[in-house]
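Asks: If you scroll down you'll find the structure; I have some questions about it.
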Amino acid sequence: DSGVTQTPKHLITATGQRVTLRCSPRSGDLSVYWYQQSLDQGLQFLIQYYNGEERAKGNILERFSAQQFPDLHSELNLSSLELGDSALYFCASSVEAGGRNEQFFGPGTRLTVL
Amino acid sequence: QKEVEQDPGPLSVPEGAIVSLNCTYSNSAFQYFMWYRQYSRKGPELLMYTYSSGNKEDGRFTAQVDKSSKYISLFIRDSQPSDSATYLCAMRMSTGNQFYFGTGTSLTVIP
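Protein sequence lines, in the order shown, are assigned to chains H and D.
Here the first sequence is numbered in the numbering used here, starting from 698 and rising by one per residue.
Here the second sequence is numbered in the numbering used here, starting from 782 and rising by one per residue.
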């Protein structure tokens, strides 16, 4: 158990809908990263937050947004869902203390768009 | 060209074999190198973390970094069926916070 929690584990929804994925980082970690992993695809970096502020952006669609709250949990919002958004969504957290900065992953949320 | 290249496999070996997994990269600014293990679509689990060039050993696992060749390796000795998983390499620069992942190599260890 990495200490990173994600809810829900599974989500089934229809095209055009909006969903929210939630992540709680490990205790003491200030940074949260979101990734998308589709079938036969590697991990695609979406976005990073550090202590409430957006720090880095990857291949995140405009229909997707995220935020990190004062208690450091983070939410990833996916709107106007398309079939191609079906994937595993992972959250990872890190402490970012000096140079060493290891990411620890949550168990993921499996999103199915029908 | 992708920042990090990794042979997707699949790789199938008999139990007890030595496994070699590799990644190449193009950005010479990468300083930190990691290997993750991912079981059947679960969250990736950090296996090895190395800084700059050299070797690091942890039990049956050895991570090797050759920065001059932009090449990293993970060796698994005495492979076990429980090692069957997808192995992802990852790396990042000394500044900045983005991690760059390979696409993963699928490994099956046959009893």
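Quick reminder that beta carbons are idealized off the backbone N, C-alpha and C, glycines included.
1. In three-state terms, what does DSSP make of residue 781(H)?
2. Is residue 892(D) helix, strand or coil by DSSP?
3. From the DSSP output, which residues share a beta bridge with residue 789(D)?
4. Determine, using beta carbons only, whether residue 752(H) and residue 878(D) come nearer to each other than 7 Å.
5. Could you list which residues in chain H have their beta carbon closer than 8 Å to that of residue 811(D), in chain order?
6. Within 10 angstroms of its Cβ, does residue 722(H) collect 16 or more other Cβ (buried), or is it exposed?
7. Ordered along the chain, which non-local residues of its own chain (more than five positions away) have a Cβ less than 6 Å from that of residue 756(H)?
8. By Cβ distance below 7 Å, which residues in the same chain neighbour residue 709(H) in space, the five residues on each side in sequence not counted?
9. Please name the residue, chosen from 739(H), 728(H) and 791(H), that lies closest to residue 784(H) on a Cα-to-Cα basis.
10. Would residue 734(H) be called buried (16 or more neighbouring beta carbons within 10 Å of its own) or exposed?
11. Within 10 angstroms of its Cβ, does residue 795(H) collect 16 or more other Cβ (buried), or is it exposed?
12. Which chain H residues sit within Cβ distance under 7 Å of residue 825(D)?
13. In or out: residue 866(D) buried (at least 16 other Cβ within 10 Å) or exposed?
14. So, is residue 886(D) buried or exposed, given that buried needs 16 or more other C-beta atoms within 10 angstroms?
15. Quick one: grab the DSSP three-state call for residue 795(H).
16. Apart from the five residues just before and just after residue 777(H), which ones in its own chain have a Cβ nearer than 7 Å to its Cβ?
17. Identify the continuous beta strand (DSSP E) that holds residue 717(H) and give its terminal residues.
18. Counting Cβ pairs closer than 8 Å, one from the region 789 to 800 of chain D and one from the region 832 to 846 of chain D, do we hit at least three?
Replies: For this structure:
1. In this structure, residue 781(H) counts as helix in the three-state DSSP scheme.
2. Correct three-state label for residue 892(D): coil.
3. Paired residues: none, contrary to the question.
4. Between residue 752(H) and residue 878(D), the CB-CB gap stays under 7 Å.
5. Under the 8 Å cutoff, chain H gives no residues; its nearest Cβ is about 13 Å from residue 811(D).
6. Burial of residue 722(H) is indicated by the presence of at least 16 other C-beta atoms within 10 angstroms of its C-beta.
7. Taken in chain order, the residues that qualify are 741.
8. For residue 709(H), where only same-chain residues beyond five positions count, the Cβ hits under 7 Å are 809 and 811.
9. It is 739(H).
10. With 16 or more other Cβ atoms within 10 Å, it is buried.
11. Only weak support is given to the placement of residue 795(H): the predicted model assigns it a pLDDT of 49, under 50, and the question is left unresolved by the model.
12. 802, listed in chain order.
13. Label assigned to residue 866(D): buried.
14. Buried is the call here.
15. Note that residue 795(H) scores 49 on pLDDT, short of 50, meaning its location in the model is unreliable; the coordinates nonetheless yield the value given after this. Three-state result, residue 795(H): coil.
16. Same-chain partners within the cutoff: 713 and 760.
17. Note, residue 717(H): beta strand (DSSP E), 716 to 721.
18. In this structure the region 789 to 800 of chain D does not touch the region 832 to 846 of chain D; the number of beta carbon pairs closer than 8 Å is below three.
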